[in-house]
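According to my numbering, the sequence shown is numbered sequentially starting from 1139.
The beta carbon of each residue, even a glycine, is placed where N, CA and C say it ideally should be.
Being a predicted model, the structure only gives us computed values, none of them experimental.
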Amino acid sequence: MERLRSIRRVALAVGITLGSLQMGNQEAAAHSISPEAGFDKARQGQQESIRVWKDPVTLKKFRLYDAIHPWNEMAGWDLFKIVKLERNADVKFVLTVHTEWQTECSPSPQDSYTTCTIDVTNPLSLSSGQHELGHTLGYADHVTDYNIATYPAGLNPRVCDNPHSPLYSQYKGVMSYCTIPKDWFGRDDKNLLKKAGYIKKRVYQLRKNQL
Ligand SMILES: [Zn+2]
């Protein structure tokens, strides 16, 4: 019975893969900064945790565990893992004097990342931390039409509030300025993780167990 259930799960996973392929490349890449953006080492095949660190002095009150937890829940594994030493970190949360939260990743925002720095500003908002972690995975901002017109929008942004905009996306979730935090980490966010290969694949797991 257990085996039968596993097979059905595999079939379901394959179905989802085909479904996203049929939507075409443009749709599959729509919510990322670029197809390569994000941590390759955390994608299928390698699936190594992205190690996160916060400055223990200035960010003592920032709830890092609560920031990574919903991402890990969705992924079904430790996509993000907290480390104590700065030198072991892939992603660093540091306090900044700037007024905006910001994430900068190298070697370039469009390519596979080796390190990211998240500039944290007061108040130490948990939801901002959760959102910025999405940028370390390579996801683009989904902003309002007004934002696009008035501020320098991030890389490859989408528009969340104007269906007539050529950049419009129906996406609802953690990367959207139009979705309240209570409604984050739902179906669309899980799809983002799937498309980028950050979800634990049962097919891969099965094969590993058989070896
Ligand atoms: Zn953002």
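State the beta-bridge partners of residue i as determined by DSSP.
i            : result
residue 1257 : 1232, 1240
residue 1277 : 1170
residue 1306 : 1297
residue 1220 : 1190
Ignore the nearest five residues each way along the sequence and tell me which others in residue i's own chain have a CB closer than 8 Å to its CB.
i            : result
residue 1199 : 1262
residue 1202 : 1190, 1192, 1220, 1231, 1267
Leaving out five residues before and five after residue i in sequence, what residues of the same chain have Cβ atoms less than 7 Å from its Cβ?
i            : result
residue 1193 : 1231, 1232, 1233
residue 1205 : 1264, 1267, 1268, 1271
residue 1331 : 1212, 1213, 1337
residue 1329 : none
residue 1327 : 1212, 1311, 1312
residue 1257 : 1232, 1234, 1236, 1239, 1240
residue 1163 : Any answer about residue 1163 is weak, because its pLDDT of 38 lies below 50 and its placement is not dependable; what the coordinates show is given next. Closer than 7 Å at the Cβ level, and outside the excluded window around residue 1163, lies no residue.
residue 1285 : 1291, 1315
residue 1299 : 1282, 1283, 1316
residue 1303 : 1283, 1297
Leaving aside the five residues before and after residue i along the sequence, list all residues of the same chain whose C-beta is less than 6 Å from its C-beta, in chain order.
i            : result
residue 1178 : 1250
residue 1224 : 1191
residue 1275 : 1176
residue 1242 : 1255
residue 1322 : 1311, 1312
Pop quiz: residue i and residue j are said to be a contact at Cβ under 8 Å. What is the actual Cβ separation, rounded to whole angstroms?
i            : j            : result
residue 1175 : residue 1248 : 6 Å
residue 1280 : residue 1309 : 6 Å
residue 1296 : residue 1307 : 4 Å
residue 1187 : residue 1294 : Incorrect: roughly 26 Å between the Cβ atoms, too far for contact.
residue 1209 : residue 1197 : About 18 Å separates the two Cβ atoms, so there is no contact after all.
Buried or exposed for residue i, going by 16 or more other Cβ atoms inside 10 Å?
i            : result
residue 1184 : exposed
residue 1287 : exposed
residue 1277 : buried
residue 1244 : exposed
residue 1195 : exposed
residue 1246 : exposed
residue 1169 : buried
Quick check on residue i - is its C-beta less than 9 Å from some C-beta in chain B?
i            : result
residue 1191 : Going by chain labels, chain B is absent from the structure shown, which holds only one protein chain.
Exercise. Where the beta carbon is closer than 6 Å to any heavy atom of ligand 1, which residues qualify, in chain order?
Worked result: 1269, 1273, 1279, 1292
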